[in-house]
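Participant: Protein chains in written order, with numbering that gives the first Met the number 0: chain A, 0 to 248; chain B, 0 to 248.
There are 2 protein chains.
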Amino acid sequence: MQNTKEILTLNKSSWEKAAERFFGRNPLPDYGPFSPSEEKLKLLGDINGKTVLDIGCGSGHSLLYMAEQGANELWGLDLTTKQIETAREVLKDVKGKVTLKESPMEENPGIPFNHFDIAYSIYALGWTTDLKETLSHIHSYLKPGGVFVFSWEHPLHDRISYEDSSFLFNKSYNVEGPEYNEAWHQDVVIFHRKLTTYINTLIETGFKIEKVMDDVVIPADATTDPARWYFRQKAELMPATFIIKATKM
Amino acid sequence: MQNTKEILTLNKSSWEKAAERFFGRNPLPDYGPFSPSEEKLKLLGDINGKTVLDIGCGSGHSLLYMAEQGANELWGLDLTTKQIETAREVLKDVKGKVTLKESPMEENPGIPFNHFDIAYSIYALGWTTDLKETLSHIHSYLKPGGVFVFSWEHPLHDRISYEDSSFLFNKSYNVEGPEYNEAWHQDVVIFHRKLTTYINTLIETGFKIEKVMDDVVIPADATTDPARWYFRQKAELMPATFIIKATKM
Numbered sequence: 000m001q002n003t004k005e006i007l008t009l010n011k012s013s014w015e016k017a018a019e020r021f022f023g024r025n026p027l028p029d030y031g032p033f034s035p036s037e038e039k040l041k042l043l044g045d046i047n048g049k050t051v052l053d054i055g056c057g058s059g060h061s062l063l064y065m066a067e068q069g070a071n072e073l074w075g076l077d078l079t080t081k082q083i084e085t086a087r088e089v090l091k092d093v094k095g096k097v098t099l100k101e102s103p104m105e106e107n108p109g110i111p112f113n114h115f116d117i118a119y120s121i122y123a124l125g126w127t128t129d130l131k132e133t134l135s136h137i138h139s140y141l142k143p144g145g146v147f148v149f150s151w152e153h154p155l156h157d158r159i160s161y162e163d164s165s166f167l168f169n170k171s172y173n174v175e176g177p178e179y180n181e182a183w184h185q186d187v188v189i190f191h192r193k194l195t196t197y198i199n200t201l202i203e204t205g206f207k208i209e210k211v212m213d214d215v216v217i218p219a220d221a222t223t224d225p226a227r228w229y230f231r232q233k234a235e236l237m238p239a240t241f242i243i244k245a246t247k248m
Numbered sequence: 000m001q002n003t004k005e006i007l008t009l010n011k012s013s014w015e016k017a018a019e020r021f022f023g024r025n026p027l028p029d030y031g032p033f034s035p036s037e038e039k040l041k042l043l044g045d046i047n048g049k050t051v052l053d054i055g056c057g058s059g060h061s062l063l064y065m066a067e068q069g070a071n072e073l074w075g076l077d078l079t080t081k082q083i084e085t086a087r088e089v090l091k092d093v094k095g096k097v098t099l100k101e102s103p104m105e106e107n108p109g110i111p112f113n114h115f116d117i118a119y120s121i122y123a124l125g126w127t128t129d130l131k132e133t134l135s136h137i138h139s140y141l142k143p144g145g146v147f148v149f150s151w152e153h154p155l156h157d158r159i160s161y162e163d164s165s166f167l168f169n170k171s172y173n174v175e176g177p178e179y180n181e182a183w184h185q186d187v188v189i190f191h192r193k194l195t196t197y198i199n200t201l202i203e204t205g206f207k208i209e210k211v212m213d214d215v216v217i218p219a220d221a222t223t224d225p226a227r228w229y230f231r232q233k234a235e236l237m238p239a240t241f242i243i244k245a246t247k248m
């Protein structure tokens with residue numbers, strides 16, 4: 000497999016092509032497929048007047064939600080030129096101060112330290128080539144006591160495949176590292192990491208764990224088509240999404 | 000399914016019969032099947048001179064290990080009369096002060112508050128009918144800053160069955176509650192709880208999460224017999240055991 004720089008270049012290139020497909024897909028208050036929403040969980044707390052940072056802001060719709068909740072300083076970081084351009088357009092009427100940075104999340108493109116009340120990341124953190132480095136950066140951006148909430152696909156979900164009406168566990172949950180991802184049409188490399196690795200790396204970088212959620216909520220109109228990456232029968236058996244809330248100690 | 004009292008009565012009765020079969024099975028420094036040991040993990044810290052409490056002490060072999068490491072006050076709690084009798088015998092030459100209590104872990108049979116440096120539980124906590132109540136008790140027994148370490152079968156392990164050379168996921172990971180357990184010859188009721196439920200309940204009862212481990216270590220002589228509850232091929236795919244270290248805030 001490629002080195003870190005090659006992985007980031009490949010992923011950025013695929014995201015430039017995929018950006019349109021992901022326009023406004025599952026932003027806050029959604030945390031991801033088959034997951035309870037922020038409206039139910041209230042993990043972010045009161046957003047009004049807060050300084051917020053979106054790691055992997057995509058098309059900017061989660062930042063728009065934060066603006067609607069009264070956040071008064073909104074920062075977004077994304078790897079993809081096309082996403083940053085789209086986010087700029089999506090956020091053009093926002094009253095708070097908006098700053099968007101195009102950068103891998105493993106680097107600091109000029110984000111201030113000890114500045115944010117809330118950092119969050121919706122389905123983006125699994126893309127990092129270096130979880131510890133990325134979490135250390137996020138830790139440094141937050142004020143002491145600041146909140147970090149992120150969601151990502153549950154690491155169990157892609158270990159189980161659906162074949163002949165059975166759910167087969169035939170890819171090791173234990174083996175971590177970069178992998179080519181089946182769900183993408185373009186070539187991308189995503190990192191398989193255990194749920195415990197997310198938890199322990201947060202702790203190692205100075206966070207306190209407040210909550211780890213993998214509850215499954217199945218909407219009445221959920222698809223039952225097993226050709227889809229997420230579908231009802233699978234969600235009935237296992238979580239599709241996890242969410243972690245941590246605070247900066 | 001039965002009510003709490005009936006479950007405890009059933010489980011106690013099964014344990015009275017099974018006690019001999021579990022004599023000295025996987026005590027500390029082992030945390031459980033296919034798991035790294037305390038000698039590698041050092042989760043308990045320095046045991047010398049410490050006041051320790053074993054939740055579900057079984058035949059007393061983990062307490063014996065703690066005594067050998069220099070613990071000077073050793074308390075054990077177990078549901079089973081036969082186990083307490085065996086533990087008394089196993090620990091008869093120990094120099095530190097030994098106190099053994101026969102009780103469900105959901106109740107306090109006279110264990111002092113704010114007294115222990117270390118509480119631990121090896122493959123016992125999944126038996127509790129009320130996790131929150133049990134963890135609240137353990138929290139109250141510990142000194143502030145005191146350590147609690149426990150291991151239990153990974154809640155994924157019994158969701159996956161081995162049929163015709165395939166590992167099938169056909170029991171929901173999401174649905175929690177009391178279940179009759181396949182691995183036991185006697186009738187017992189064990190509670191299925193998600194890993195996140197253990198983590199969140201610890202946090203709710205006043206613990207700080209220090210580490211969540213589900214690393215798999217496969218010994219060279221590990222059985223490859225799929226008729227066994229734990230076997231190599233399954234451990235290569237998924238964790239058999241998890242361990243959590245938390246501290247009293």
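Backbone N, C-alpha and C define an ideal beta-carbon position, used for all residues, glycine too.
Note that the coordinates shown come from a computational prediction; the quantities given were computed from them, not determined experimentally.
1) Nearest CA to the CA of Asn180 (chain B): which residue from B:Asp29, B:Arg158 and B:Ser139?
2) Return the residues of the stretch 223–236 of chain A that lie within a Cβ-Cβ distance of less than 7 Å from chain B, sorted by chain order.
3) Going by the beta-carbon positions, is the gap between Lys49 (chain B) and Asp92 (chain B) smaller than 7 Å?
4) Applying the 10 Å Cβ sphere with the 16-neighbour rule, what's the burial state of Met248 (chain B)?
5) For Lys207 (chain A), go through chain B and note every residue whose CB falls closer than 7 Å to its CB, in chain order.
6) I'd like the list of long-range same chain contacts for Thr98 (chain A), defined as Cβ closer than 6 Å, with 5 residues on each side in sequence excluded.
7) Residues of chain B with CB under 9 Å from Pro238 (chain A), in chain order?
8) Is there a Cβ of chain A sitting closer than 7 Å to that of Asn2 (chain B), yes or no?
9) By the criterion of Cβ-Cβ separation under 7 Å, what are the contact partners of Asn199 (chain A) in chain B?
10) Figure out for me which residue from A:Trp151, A:Val146, A:Glu105 and A:Lys142 has the closest Cα to the Cα of Glu132 (chain A).
11) Once the 5 residues before and after Lys170 (chain B) are set aside, which same chain residues still bring their CB inside 6 Å of it?
12) Quick one: give me the first and last residue of the beta strand (DSSP E) that Ala245 (chain A) is part of.
13) Going by C-alpha distance, which of A:Glu152, A:Tyr119 and A:Lys4 is nearest Phe241 (chain A)?
14) DSSP three-state label for Ala234 (chain A), please.
15) Could you please tell me which residues of the stretch 132–159 of chain B, in chain order, have their CB closer than 9 Å to any CB of chain A?
16) Less than 7 Å between the C-beta atoms of Ile189 (chain A) and Gly125 (chain A), yes or no?
17) Going by DSSP, what residue range makes up the beta strand (DSSP E) through Trp74 (chain A)?
18) I'd like to know if the stretch 204–217 of chain A and the stretch 32–48 of chain A are in contact, where contact means that at least 3 CB-CB pairs between them fall below 8 Å.
19) On a CA-only basis, which of A:Asn47, A:Ile6, A:Thr204 and A:Trp14 is nearest Ile137 (chain A)? Give me that one, please.
20) Between Ala118 (chain B) and Leu52 (chain B), how many whole angstroms is the CB-CB distance? I'm expecting something under 8 Å.
21) Return the first residue and the last residue of the beta strand (DSSP E) that His191 (chain B) is part of.
22) Are the beta-carbon atoms of Phe166 (chain B) and Phe168 (chain A) separated by less than 7 Å?
23) Ile46 (chain B) and Ala66 (chain B) - do their beta-carbons sit closer together than 7 Å?
24) Rounding to the nearest angstrom, what Cα-Cα distance links Leu40 (chain A) and Tyr30 (chain A) in this structure?
25) Can you give the beta carbon distance from Leu141 (chain A) to Phe149 (chain A), rounded, assuming they're within the 8 Å contact cut?
26) Does the beta carbon of Phe21 (chain A) sit closer than 7 Å to a beta carbon anywhere in chain B?
27) Using a beta-carbon distance cut-off of less than 7 Å, what residues from the stretch 39–57 of chain A approach chain B?
28) Unbroken beta strand (DSSP E) runs of length 3 or more, entirely within the stretch 18–56 of chain A: which are they?
29) Taking His191 (chain B) as the reference, give the member of B:Ser58, B:Glu5, B:Pro108 and B:Asn173 with the closest Cα.
30) For the candidate residues A:Gly145, A:Lys81, A:Arg227 and A:Leu78, whose alpha-carbon lies nearest to that of Phe206 (chain A)?
31) How is Asp157 (chain B) classed by DSSP in three states: helix, strand or coil?
32) For Asn25 (chain B), is the classification buried or exposed, using 16 other Cβ atoms within 10 angstroms of its Cβ as the cut-off for buried?
33) Buried or exposed: where does Gln82 (chain A) fall if 16 or more other Cβ atoms within 10 Å of its Cβ makes it buried?
34) Closer than 7 Å, CB to CB, is Leu167 (chain A) near chain B or not?
35) I want to see whether chain A comes within less than 7 Å of Val216 (chain B), judged by CB atoms only; does it?
36) Quick one: measure Cβ to Cβ for Pro238 (chain B) and Leu130 (chain B), integer angstroms, because I've assumed they're closer than 8 Å.
Facilitator: Once the coordinates are examined:
1) The closest CA to that of Asn180 (chain B), considering only B:Asp29, B:Arg158 and B:Ser139, is found on B:Arg158.
2) Per Cβ criterion, the list reads Glu235 and Leu236.
3) It is not a contact, given that the beta carbons lie outside the stated cut-off.
4) Exposed is the call here.
5) Going along chain B in sequence order, the residues near Lys207 (chain A) (Cβ under 7 Å) are Lys207.
6) Excluding sequence neighbours, Thr98 (chain A) sits near Trp74.
7) In chain order: Tyr172, Asn173, Lys193 and Thr195.
8) Output row for Asn2 (chain B): interface = no.
9) Those within 7 Å of Asn199 (chain A) in chain B are Lys210 and Val211.
10) If we check each option's Cα against that of Glu132 (chain A), A:Glu105 comes out closest.
11) Residues Arg158 of the same chain have their beta carbon placed closer than 6 Å to that of Lys170 (chain B), with the five preceding and five following residues left out of the count.
12) Judged by DSSP secondary structure, Ala245 (chain A) falls within the beta strand (DSSP E) whose first and last residues are Thr240 to Lys247.
13) For Phe241 (chain A), the closest C-alpha among the options A:Glu152, A:Tyr119 and A:Lys4 is that of A:Glu152.
14) For Ala234 (chain A), the secondary structure class from DSSP, reduced to helix, strand or coil, is helix.
15) Cβ contacts with chain A: Leu155, Arg158 and Ile159.
16) For Ile189 (chain A) and Gly125 (chain A), yes; Cβs fall inside 7 Å.
17) It spans Glu72 to Asp77 - the beta strand (DSSP E) in which Trp74 (chain A) sits, taken as one unbroken run.
18) The answer is yes - the stretch 32–48 of chain A touches the stretch 204–217 of chain A, with three or more Cβ pairs under 8 Å.
19) Ile137 (chain A) has its Cα closest to that of A:Thr204, out of A:Asn47, A:Ile6, A:Thr204 and A:Trp14.
20) That pair is a contact at about 4 Å.
21) First-last of the beta strand (DSSP E) with His191 (chain B): Val188 to His191.
22) Between Phe166 (chain B) and Phe168 (chain A), the C-beta gap is smaller than 7 Å, which places the two residues in contact.
23) At the C-beta level, Ala66 (chain B) and Ile46 (chain B) stay beyond 7 Å of one another.
24) Spanning the two alpha carbons is a distance of roughly 10 Å.
25) No, Leu141 (chain A) and Phe149 (chain A) are not in contact; Cβ-Cβ is about 13 Å, not under 8 Å.
26) Judged by the 7 Å Cβ criterion, Phe21 (chain A) is not in contact with chain B.
27) Within the stretch 39–57 of chain A, contact with chain B at the beta-carbon level (separation under 7 Å) is assigned to no residue.
28) DSSP runs (the beta strand (DSSP E)) wholly in the stretch 18–56 of chain A: 50–54.
29) Minimum Cα distance to His191 (chain B) is reached at B:Asn173.
30) Per the Cα distances, A:Gly145.
31) Per DSSP, reduced to three states, the secondary structure at Asp157 (chain B) is helical.
32) By the neighbour-count criterion, in which 16 or more other beta carbons inside 10 Å mark a residue as buried, Asn25 (chain B) falls on the buried side.
33) So Gln82 (chain A) ends up on the buried side.
34) Yes - at least one Cβ of chain B is within 7 Å of the one on Leu167 (chain A).
35) So no, Val216 (chain B) is outside the interface.
36) Taking 8 Å as the upper bound for CB-CB distance, Pro238 (chain B) and Leu130 (chain B) are not in contact here, some 20 Å apart.
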